[in-house]
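Student: Numbering (my numbering), first residue to last: 64 to 280. Note that the Cβ used here is the ideal one computed from N, Cα and C, for glycine as well.
#1: Considering only their Cβ atoms, is the gap separating residue 247 from residue 230 smaller than 8 Å?
#2: Which first and last residues belong to the beta strand (DSSP E) in which residue 88 is found?
#3: Compute the Euclidean distance between the alpha carbons of residue 195 and residue 261, then round it to the nearest angstrom.
#4: Rounded to whole angstroms, how far is the Cβ of residue 269 from the Cβ of residue 224, which I believe are closer than 8 Å?
#5: Please list the terminal residues of the continuous beta strand (DSSP E) segment that includes residue 284.
#6: Using 8 Å as the threshold, is the C-beta distance between residue 161 and residue 149 below it?
#7: What first and last residue would you give for the beta strand (DSSP E) that runs through residue 129?
#8: Output the boundary residues of the beta strand (DSSP E) element that contains residue 245.
#9: How is the alpha helix (DSSP H) around residue 194 delimited, first residue to last?
#10: Looking at residue 80 and the ligand ATP, is the gap between the Cβ and the nearest heavy atom below 7 Å?
#11: Out of 129, 135, 155, 151, state which residue places its alpha-carbon closest to the alpha-carbon of residue 145.
#12: Give me whichever residues DSSP pairs with residue 229 in a beta bridge.
#13: My output table needs one value for residue 95: the three-state DSSP class, helix, strand or coil.
#14: Which of helix, strand or coil does DSSP assign to residue 163?
#15: For the structure I just gave you, are there three or more beta carbon pairs, one from the segment 112 to 129 and one from the segment 199 to 209, closer than 8 Å?
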């Protein structure tokens, strides 16, 4: 028994437009999308480009769109007729690989980190709230940006749900010294107030855990 899946292929070196290519693979119970991609790469088409890291939902690298919705390839079961493509809104390097490097380079201007605290005589113990802990569960898959109807990488890669999640993380960190609310508002967070369309595939409630925290609601 076998199943057929379609993968959106694009090779900038060859030019042309992205195109859907069908593959037929043996059907096995509980085969993940990532395992299917690896099988296609190893047994059928070594030119297929995709990204993965930990293989068990901890690194965020294998995020793709399955039937038009962001999913982690490492824990999504493959099914007959699935259509697998790259994340919407991100520049595609090749096939399912998007340009994450350009995104994180742009993010540097916001100083998305806690400045060096200098030497301390005693270890610093942080008391994290439930919301802060939830925000820290982000694995940086960038799938939330793909679900945002207003996200436009070319116009401004920073204006999207992922950036606001990171700013909310830092806002709730007692070591933070930068006005993260101002940063978010300068990026247009106010326009997110009535929108509830962005989704985190890892369960972060972006509206409640990030937007409302930064807007002070």
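Tutor: Per the coordinate set shown:
#1: Yes, these two residues count as a Cβ contact at 8 Å.
#2: 82 to 89 is the span of the beta strand (DSSP E), which, as asked, contains residue 88.
#3: Taking the straight line joining both Cα atoms gives about 19 Å.
#4: With 8 Å as the limit, residue 269 and residue 224 qualify as a contact, their Cβ atoms being about 5 Å apart.
#5: Residue coverage of the chain in this structure runs from 64 to 280, which leaves residue 284 outside it and unanswerable.
#6: Closer than 8 Å, so yes.
#7: Unbroken beta strand (DSSP E) run through residue 129: 126 to 129.
#8: Counted as a single uninterrupted DSSP element, the stretch harbouring residue 245 is not any beta strand (DSSP E) but the alpha helix (DSSP H) occupying residues 243 to 249.
#9: From DSSP, the alpha helix (DSSP H) with residue 194 extends over 193 to 198.
#10: Of ligands this structure carries none, so the ligand ATP is not represented either.
#11: Cα-wise, what sits closest to residue 145 is 129.
#12: Beta-bridge pairing links residue 229 to no other residue.
#13: Here DSSP, grouped into helix, strand and coil, assigns residue 95 to strand.
#14: Helix at residue 163.
#15: With the cut-off at 8 Å, the segment 112 to 129 and the segment 199 to 209 touch.
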